[in-house]
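K.L.:
Sharing a structure with you now.
Below, the structure is given as structure tokens:
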């Protein structure tokens, strides 16, 4: 059989597909946040709370999802996640009622919690290295970038249902690909043990969590609100959607490249520099700049956000070989917590002077400060 990064084509396609399916749900709602607020007859902050509910459940499932992958096998855990993603989006289809929106995002959050860690652990368990982990992370930002660009157009035919219908289709296609892929072994030696409390106190994981939060976590928050920010400050909807999609779409390139950077002795410097540049890009998006400069800032945010991912996930699994899935889940949980707290808070800044700009400046400053936590 042809090989892809040493793990086989079917395994690579199946594993990478999980990241794509999870990623689509990150920004699908944010792509048409204004349209959704009108359809549901609620404010933008409430639409932000839909995303918050999703990521609360996503966050809570990170370590349990990682342990499930360790105990029952990563492919099984990821397939469960994809099924929950499809089911959660289906719940939101019948009518634009906030109760259905909240219930649907809660189930989607359970699914992304199982799926994201399970997909990453599947690639690791099948023998994939940092480059494939980078591609996996790249898929998880390529998908929301595509969602930001494509869902607004899809909504002209399907209205408020656009993010839900598209997410179901993506999840089903990726579930078929994973079902056709070979299984991955579970972590047998520790399958029956309780989670070691030392994992929660591991400073290596804390540093990895900081850089992952300031890159992936903040890029998700930016991705959910950047289209609205640009629209509110005079950019046409189509232009805002195209420019905004760059904040996530371009991370595909640098997440894969970030895996190759780990071979360099100065990899930590590149990661730290990416956090500073990403923060500067977020601040630039908040400034009254010409369109070309705003597009460049969005591109910088997207490119910079991808570089730390392979270091965070590969480093977490290597730091805790006794529970690699749980370690990755722990690191990702902190990024999820930032999304849970930050998405509605940035949404609220659209009611403050500057119409959203304060939130983007705050994100940029925090991202730059996180460079100090980069592991050496």
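In the numbering used here, the protein residues as written are 657 to 1032. By construction, the Cβ of each residue, glycine as well, lies at the ideal position given by its N, Cα and C atoms.
How do the stretch 858-867 and the stretch 680-694 stand: do at least 3 beta-carbon pairs fall below 8 Å, yes or no?
P.N.:
Counting Cβ pairs under 8 Å, fewer than three are found: no touch.
K.L.:
Does the count of Cβ pairs from the stretch 903-911 and the stretch 774-784 closer than 8 Å reach three?
P.N.:
Cβ pair count under 8 Å is below three, so no.
K.L.:
Cα separation between residue 714 and residue 895?
P.N.:
Rounded to whole angstroms, residue 714 to residue 895 spans 31 Å at the Cα level.
K.L.:
Where does residue 818 land, buried or exposed, given buried means 16+ other C-beta within 10 angstroms?
P.N.:
Classification for residue 818: buried.
K.L.:
If you check the beta carbons only, do residue 840 and residue 730 fall under 7 Å apart?
P.N.:
It is a contact, given that the beta carbons lie within the stated cut-off.
K.L.:
Which residue wins for smallest C-alpha separation from residue 950, given the options 920, 903 and 968?
P.N.:
Closest option to residue 950, Cα to Cα, is 903.
K.L.:
Below 8 Å CB to CB, which residues in the same chain sit around residue 657 once its five sequence neighbours on both sides are set aside?
P.N.:
Summary for residue 657: the model assigns pLDDT 43, below 50, so the residue's position carries little reliability; its value from the coordinates is reported in the next sentence. Closer than 8 Å at the Cβ level, and outside the excluded window around residue 657, lie 664, 665 and 666.
K.L.:
DSSP on residue 901, reduced to helix/strand/coil?
P.N.:
Residue state, collapsed to three classes: helix.
K.L.:
Quick one: using the 10 Å Cβ neighbour count with 16 as the cut-off for buried, is residue 845 buried or exposed?
P.N.:
Note that residue 845 scores 47 on pLDDT, short of 50, meaning its location in the model is unreliable; the coordinates nonetheless yield the value given after this. Its Cβ having fewer than 16 others within 10 Å, residue 845 is exposed.
K.L.:
Let me know the secondary structure DSSP gives residue 707 once reduced to three states.
P.N.:
In the structure shown, residue 707 sits in a helix (DSSP, three-state: H, G or I).
K.L.:
Within 10 Å of its beta-carbon, does residue 976 have 16 or more other beta-carbons around it, so buried, or fewer, so exposed?
P.N.:
The residue in question, residue 976, is buried, as its Cβ has 16 or more Cβ neighbours within 10 Å.
K.L.:
What is the C-beta distance between residue 901 and residue 749, in whole angstroms, given that I count them as a contact (C-beta under 8 Å)?
P.N.:
The pair is not a contact, with the Cβ atoms about 24 Å apart (cut-off 8 Å).
K.L.:
Sort 724, 836, 984 and 883 by Cα distance to residue 807 and report the nearest one.
P.N.:
Cα-wise, what sits closest to residue 807 is 883.
K.L.:
Have a look at residue 677 and residue 743 and give me their C-alpha separation to the nearest angstrom.
P.N.:
Roughly 13 Å separates the two Cα atoms.
K.L.:
Near residue 816, what residues of its chain come up, given a Cβ to Cβ distance below 8 Å and the 5 sequence neighbours on each side ignored?
P.N.:
These residues qualify, in order along the chain: 688, 691, 692, 695, 696 and 752.
K.L.:
So, residue 704 versus residue 1003, is the Cβ gap smaller than 7 Å?
P.N.:
Taking 7 Å as the Cβ cut-off, residue 704 and residue 1003 qualify as a contacting pair.
K.L.:
Do we get a CB-CB distance below 7 Å when we pair residue 743 with the residues of chain C?
P.N.:
No chain C is present in this structure, which holds just one protein chain.
K.L.:
To the nearest whole angstrom, what separates the beta carbons of residue 937 and residue 953, a pair I think is in contact under 8 Å?
P.N.:
The Cβ separation is near 5 Å, so the contact holds.
K.L.:
Name the residue from 745, 973 and 931 whose alpha carbon lies nearest to the alpha carbon of residue 1022.
P.N.:
Cα-wise, what sits closest to residue 1022 is 931.
K.L.:
Between residue 925 and residue 698, what straight-line distance do the alpha-carbon atoms span, to the nearest angstrom?
P.N.:
Distance between the alpha carbons of residue 925 and residue 698 is about 44 Å.
K.L.:
If contacts are defined as beta-carbon pairs under 8 Å, then residue 745 and residue 764 qualify, I think. What distance do you get, rounded to the angstrom?
P.N.:
About 6 Å; that satisfies the 8 Å criterion.
K.L.:
Taking the straight line between their C-alpha atoms, what separation do you get for residue 685 and residue 880?
P.N.:
Rounded to the nearest angstrom, the two C-alpha atoms are 8 Å apart.
K.L.:
Tell me the rounded alpha-carbon separation between residue 788 and residue 886.
P.N.:
Residue 788 and residue 886: Cα-Cα distance of roughly 34 Å.
K.L.:
Just the Cα atoms here: how many angstroms apart are residue 656 and residue 679?
P.N.:
Since the first and last residues shown for the chain are 657 and 1032, residue 656 lies out of range.
K.L.:
Who are the Cβ neighbours of residue 973 in its own chain at under 7 Å, not counting the five residues just before and after it?
P.N.:
Correct list, in chain order: 780, 980, 983 and 984.
K.L.:
Rounded to whole angstroms, what's the CA-CA distance from residue 732 to residue 725? Just pull it up for me.
P.N.:
Going by the C-alpha atoms only, they are around 7 Å apart.
K.L.:
Would you call residue 755 buried or exposed, if buried means 16 or more other Cβ atoms sit within 10 Å of its Cβ?
P.N.:
When all chains shown are included, residue 755 counts as exposed.
K.L.:
Look at the alpha carbon of residue 942 and the alpha carbon of residue 875, and state the distance between them as a whole number of angstroms.
P.N.:
Cα to Cα, the separation comes out at about 14 Å.
K.L.:
Out of 915, 675 and 718, point me to the one whose CA is closest to residue 986's CA.
P.N.:
Comparing Cα positions, the closest option is 718.
K.L.:
Between 877, 822 and 1017, which has its C-alpha nearest residue 993's C-alpha?
P.N.:
Nearest option by C-alpha distance: 877.
K.L.:
Alpha carbon to alpha carbon, how far is residue 823 from residue 741? Give it in angstroms, no decimals.
P.N.:
Their backbone Cα atoms lie some 8 Å apart in a straight line.
K.L.:
What residue from 683, 836 and 759 has the CA that sits closest to residue 669's CA?
P.N.:
If we check each option's Cα against that of residue 669, 836 comes out closest.
K.L.:
Does DSSP put residue 766 in a helix, a strand or coil?
P.N.:
In this structure, residue 766 counts as helix in the three-state DSSP scheme.
K.L.:
Have a look at 673, 710 and 963 and flag the residue whose alpha-carbon is nearest the alpha-carbon of residue 996.
P.N.:
Residue 996 has its Cα closest to that of 710, out of 673, 710 and 963.
K.L.:
Going by other Cβ atoms of all chains shown within 10 Å of its Cβ, with 16 needed for buried, is residue 848 buried or exposed?
P.N.:
With a pLDDT of only 47 at residue 848, under 50, the local geometry of the prediction cannot be trusted, and the value read off the model is given with reservation. With fewer than 16 other Cβ atoms within 10 Å, it is exposed.
K.L.:
Taking C-alpha atoms, which residue in 856, 795, 747 and 736 lies nearest to residue 821?
P.N.:
It is 747.
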